[in-house]
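Heads up: the sequence lines are chains A and B, in that order. Going by the numbering used here, the first sequence opens with residue 342, and the numbers climb by one from there. Going by the numbering used here, the second sequence opens with residue 80, and the numbers climb by one from there.
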Amino acid sequence: MSMVQRTQPVDVRPEGTDPDEALEGCFQGIFRPTCTEELRSLILSLSRRIEPEWRSRGYRSPELRARMVLEEAMLNAWHHGNKEDPQKAITVRWYFNERFHMEVQDEGEGFDVDLIPDPTRKENLCRPNGRGIFIIRHFSRQLAWEDRGRRVLVELDPEDDSVC
Amino acid sequence: MNVNMTTTDTSARIVLSGHVDEQGAEELKKTIRDLDLGQVKDVTIDFREAQRIGSAGIGQLLLLYKNLAVAGGGLTVENLSPTLFELFKGLKLDTLFTLSRV
């Protein structure tokens with residue numbers, strides 16, 4: 342049985358950043374869940390870690406939008422990216438400026454974003470899966486992929502969180 | 080998440096509370112499995128006390144909708160928060176079943 346490795350978010354501030362402004366820096370957590378249930382627990386812990394910062398920066402209901410984006414991105418990385426392989430890591434990095442920036446990296450084979458079926462097309466409406474990316478996009482100000490789809494970059498704006 | 084279901088002869092009402100995340104979706108799946116779709120034609124899911132639903136939970140709603148539609152029944156989702164109502168509309172779920180917001 343493989344050991345779970347989980348780093349507490351560590352300060353990886355860019356060089357030259359004021360060390361007294363730790364919350365302005367970039368933080369990262371590296372997760373190697375052994376099962377989906379453990380991943381759920383990790384997502385909960387991580388969102389509780391970030392939630393006070395979300396609230397202090399004006400996100401009125403982070404347990405809705407921000408949490409849903411975090412959850413869907415990490416579940417995608419686990420299920421579709423890493424194919425639930427506990428040897429592969431899910432790395433989450435985040436920082437705040439005017440917005441909340443987050444990237445979730447998996448160690449899978451990547452994917453072509455353009456080939457993801459649109460769940461709102463008539464032929465896909467009844468499919469029970471394939472809505473994770475839509476949910477991330479719906480709640481995000483910006484969404485992009487790098488590293489052949491293995492890294493998703495998300496921006497959330499507190500103004501988008503004004504209606505809950 | 081908590082699931083509370085009441086049934087009459089041909090209808091059922093499922094009240095969700097909490098977060099319908101992946102784990103919540105599994106609980107919802109078990110509840111739906113307990114439905115006698117030979118008898119129950121119309122199902123209402125009440126979101127008044129549900130704060131959040133993820134893609135897995137929405138998938139369970141769609142499986143339920145498909146099973147009901149095959150049997151000539153229907154699904155109603157009511158008391159969605161404004162945030163979830165907009166999400167469901169964005170997903171065009173209002174073209175499949177009836178939605179209402181709080």
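Just so you know, even glycine gets a beta-carbon here, dropped at the ideal spot from N, CA and C.
Around E101/B, the beta-carbon contacts reaching into chain A at under 7 Å are T377, R381, L416.
Against chain B, the CB of H420/A has no partner CB under 7 Å away; the residue lies outside that interface.
Rounded to whole angstroms, A430/A and G449/A show a C-alpha spacing of 9 Å. Residue environment for L456/A: exposed (fewer than 16 other C-beta atoms within 10 angstroms of its C-beta).
Chain-order list of chain B residues neighbouring T461/A: G169, L170, K171, by C-beta distance under 8 Å. If you draw a straight line from the Cα of D113/B to the Cα of L107/B, it is about 10 Å long. Against R472/A, the close residues of chain B are S134, I137, G138, L170, in the order they occur along the chain (beta-carbon pairs closer than 8 Å). Of the other Cβ atoms in all chains shown, 16 or more fall within 10 Å of the Cβ of P460/A; this residue is therefore buried. If you look at R472/A, you'll find it isn't in any alpha helix (DSSP H); DSSP assigns it neither H nor E. In the structure shown, L385/A adopts helical secondary structure according to DSSP, grouped into three states. Across the set K171/B, M80/B, E105/B, T87/B, the C-alpha of M80/B shows the shortest separation from the C-alpha of V94/B. For I111/B, the enclosing alpha helix (DSSP H) begins and ends at 101-113. In its chain, beyond the 5 residues on either side, G97, H98, S160 have a beta carbon closer than 8 Å to the beta carbon of Q130/B. Using a Cβ-Cβ cut-off of 7 Å, P499/A does not count as an interface residue toward chain B, since no Cβ of chain B sits closer than that to its own. Straight-line measurement puts the Cα of N470/A at about 14 Å from the Cα of Y144/B.
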